[in-house]
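Protein chains in written order, with the numbering used here: chain A, 24 to 181; chain B, 5 to 806.
Here a beta-carbon is modelled for each residue, glycine too, at the ideal position from N, C-alpha and C.
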């Protein structure tokens, strides 16, 4: 065990854990967060996604000692009490079925739109491709990404 | 307690709480066992309470007890609170298809409440009547219809109470959104909350079984329903988007520890010994638990348990006989294996007319063999459960879709009184059938009893993919005869299914832990399947399906259990591909050919299945813009070939036709389903948007099973263990356009008793055949073995000289 400092959703946490512990278990079991979930432990499915310094990363096999950036989980995505436009688009398009993977879908979409604000259909497919959904909500996800992109563009025009 | 023998204690508590007679603080004080979860419970709607409900025993005396809610008491189903809102107790679970929201719509409609004046509690064995949980696409067709009758009865009782209060006959009253008013004096009103809020109805219901439960009130004619038919947003979605919903995977209890498993590395292996010293230095290590061939490691923290399970040195002995053939030889094995006598279940063998005679005299005979591999549920989140053994009771937190059999199965397995066991269903990864969620709950409960502490179990990815139950493989041989005019005169369907020792749901002797400990059912279920479900008129036909068995029937990672629309996609792949082969042999357009077969007879059944089959085939063709011509089309010379194919089926009383449009890249072998049309008739539609979402999921899951999914194994173990070795559909593979056409092909769709039929699974089954038929249309090459990964497509195209 050793002392680890994490920045999560704007707060600093100091924890006494083995530095090789995957970030996922610290977020879930020590910080009580529900957004990132265990899917494969192999960084293949995206269910455990968090944002680190704005980039979507997989928390299931990243040691907590290498998680030194500013981490944002699904819980931390809303700003000033308002859902992120991607979250709102997910509700408007009624995207989730079981919803287990949607943490990774939403955060990956948010990261995608932050560096590619008006992606083409192909860019959405490619940008989202490594996040799996076994309810196969992909069709609605892709619609929701477009809707969110439009909402964010309108928001900037205002 | 007055009235019924067993209105759930929790319901009485709820009434008391809502009535203000028990403060939240008192509630917390008496709860004893549970100190969490109350806040999370509010995530999906005000008034929804969480997991902190106390059992009926108090801390000092008897063990906790959770008697069955009595389904013949109105109060077990429905509570009206002082503010006029209602809680509905539904013994079902919602796997993300929106059955909770739809049930709420139906019950609010009967009760004359606005949608957001009610909440639904689902799948808690101590609080909701035993409607069996999910399965069979029956939540709306059967169980929510019971809910409608209960809500109608509550409305009747409330109107009578108002009638008495005002001294006006019921006919002189009207009701809207929980407010009853006098027709002649609309200013005089009384609310449901004022009439009964916080108190019990004490009304007995009748019915010989739970599905027949009813009061004396009639349900409303369809034309009077206001919420039914509206696309009301699902109540569970906001909490799934902002991470506020507490799932089974999220529950944490004080003193909880974590377990992980070590599974036999070879199917049928016997445990020889465990070297516990290999893990004693793992921080947080508590114990290795093993019995028979079942091995688990328990640690304080989750990542410690994972590490300990990886490091534990276990010696295994391989079985003397290979447990099963390698997947490369599966279909040869199945065709050569003896068919288990008497297997196949109801409808396994049916004959009409003289198929052999008609084939012998047919102008053209077509023969084909179809192969479908084992498929996994392969949930995105591996199986998990948390079991709490405190105070002589056992509480299991799970996403298992059948909490009631989970409870009785676990009670039987542990030798506990079922009243000492309760199962709390919470949201989780998808529930498409008999998943390893069944197994994980038994494992958690067993370990919790062994440790005397709450134990949380989660399977790792390799376990989930390799050891979850499988949808069975099929080898299907078909022969068909055409007369000189291209009419189908005979059809012979011979199926073999690898479904011996089918595990059923939550059976105390077939769950994985029981099998590994050496328990065996008295008689293995032989498993089986009918042939494809269609309404074609073919005068001479035979359908027969029998099970074949592998050397290893138990403790096998190829144990079979229900997977979404069990057997439907497999049998329909063969049946509807073969109809397409016959259409091609007859030089007929595939749509026209099917319509001719559907119109061959003129009689129909009580659900108008023949008329509704014609309706969906016609609607799909129209929505797609189908141009009538035989398949294949002109096979182009370019790199990418395009084509379209149709398949049709019914499941129970729901009819479906699916058209797929594909692109086949003949250099890479990649198939992309560019467009899909689904015409769908499930009778009365409760929530169109939610239904469309469910259908979209069915279609895409069907494409995934067609193009990618296959459980692979060598002669000793399953080798599909992760998302690389078990690929699934991705964003890149998603169609660019999906059209869902909701049809109501009832010849009299305006009848007042128009019913909803099941919609959770039916649209899954035509997909593989529609895709394969489209590939044939594009290339002229018939794909008869799934999956159609690029390497197989290239191989088939190459064999055909393309």
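Within chain A, 119, 122, 125 have C-beta atoms less than 7 Å from the C-beta of residue 244 (chain B), given in sequence order. Three or more beta-carbon pairs separated by less than 8 Å are not found between the segment 130 to 145 of chain A and the segment 706 to 717 of chain B, which leaves the two stretches without contact.
The bridge partners DSSP lists for residue 474 (chain B) are B:380, B:564.
Using beta-carbon distances, residue 159 (chain A) counts as an interface residue toward chain B, with a partner under 8 Å.
With respect to residue 238 (chain B), residue 429 (chain B) sits apart: the two C-beta atoms are not nearer than 8 Å.
Residues of chain A with a Cβ closer than 8 Å to the Cβ of residue 727 (chain B) are, in chain order, 63, 65, 67, 68, 155.
Residue 94 (chain A) has A:31, A:75 as its beta-bridge partners, per DSSP. By the beta-carbon neighbour count (other beta carbons within 10 angstroms, threshold 16), residue 574 (chain B) is buried.
Residues of chain A whose Cβ lies closer than 8 Å to the Cβ of residue 693 (chain B) are, in chain order, 117. Within the segment 242 to 272 of chain B, 242, 243, 244, 245, 246, 247, 248, 249, 250, 251, 253, 254, 256, 262 place their CB atoms closer than 9 Å to a CB of chain A, listed in sequence order. If you look at residue 168 (chain A), you'll find it in the alpha helix (DSSP H) that goes 161 to 180. With fewer than three CB-CB distances shorter than 8 Å, the segment 788 to 805 of chain B does not count as touching the segment 599 to 610 of chain B. Exclusion of the five residues before and after residue 590 (chain B) leaves 486, 490 as the residues of its chain whose Cβ lies within less than 6 Å of its Cβ.
One thing to note: residue 71 (chain A) has its Cβ no nearer than 8 Å to the Cβ of residue 155 (chain A).
Bounds of the alpha helix (DSSP H) holding residue 582 (chain B) are 572 to 589. DSSP places residue 647 (chain B) in the uninterrupted beta strand (DSSP E) bounded by 644 to 655. Interface criterion met: the Cβ of residue 382 (chain B) is under 8 Å from a Cβ in chain A. Interface annotation for the segment 646 to 671 of chain B against chain A: empty, criterion Cβ-Cβ distance under 8 Å.
Under a criterion of Cβ atoms nearer than 8 Å, the residues of chain B adjacent to residue 48 (chain A) are, in order, 305, 306, 307. The C-alpha of residue 167 (chain A) lies about 40 Å from the C-alpha of residue 159 (chain B).
Counting C-beta atoms within 10 angstroms of its own C-beta, residue 24 (chain A) has fewer than 16 neighbours from the protein chains shown and is therefore classed as exposed.
Residues of the segment 704 to 715 of chain B with a C-beta atom less than 7 Å from some C-beta of chain A are 704, 705, 708, listed in chain order. A residue is called buried once 16 or more other Cβ atoms fall within 10 Å of its Cβ, and residue 113 (chain B) is buried on that count. At a cut-off of 8 Å between beta-carbon atoms, residue 75 (chain A) makes no contact with chain B. Interface with chain B (8 Å Cβ-Cβ cutoff): residue 60 (chain A) is included.
Of the residues A:177, A:136, A:49, the one whose Cα lies closest to the Cα of residue 84 (chain A) is A:49. A direct Cα-to-Cα measurement between residue 105 (chain B) and residue 106 (chain A) gives close to 22 Å. At least one beta carbon of chain B lies nearer than 8 Å to the beta carbon of residue 114 (chain A). Against chain A, the CB of residue 465 (chain B) has a partner CB under 8 Å away; the residue lies at that interface.
Taking C-alpha positions only, residue 452 (chain B) is separated from residue 445 (chain B) by approximately 10 Å. In this structure residue 147 (chain A) is not in contact with residue 245 (chain B), their Cβ atoms being roughly 18 Å apart against a cut-off of 8 Å.
Between the segment 420 to 440 of chain B and the segment 85 to 105 of chain B there are three or more C-beta pairs closer than 8 Å, enough to call the two in contact.
Taking the Cβ atoms as the reference, residue 79 (chain B) lies roughly 5 Å from residue 204 (chain B), within the contact range of under 8 Å.
Nearest in C-alpha terms to residue 773 (chain B), of all of B:729, B:734, B:707, B:721, is B:707. Where residue 151 (chain A) is concerned, there is no enclosing beta strand (DSSP E), although the alpha helix (DSSP H) around it starts and stops at 144 to 151.
Shown here for residue 190 (chain B): not one same chain residue has a beta carbon closer than 7 Å to its own, the five before and five after excluded.
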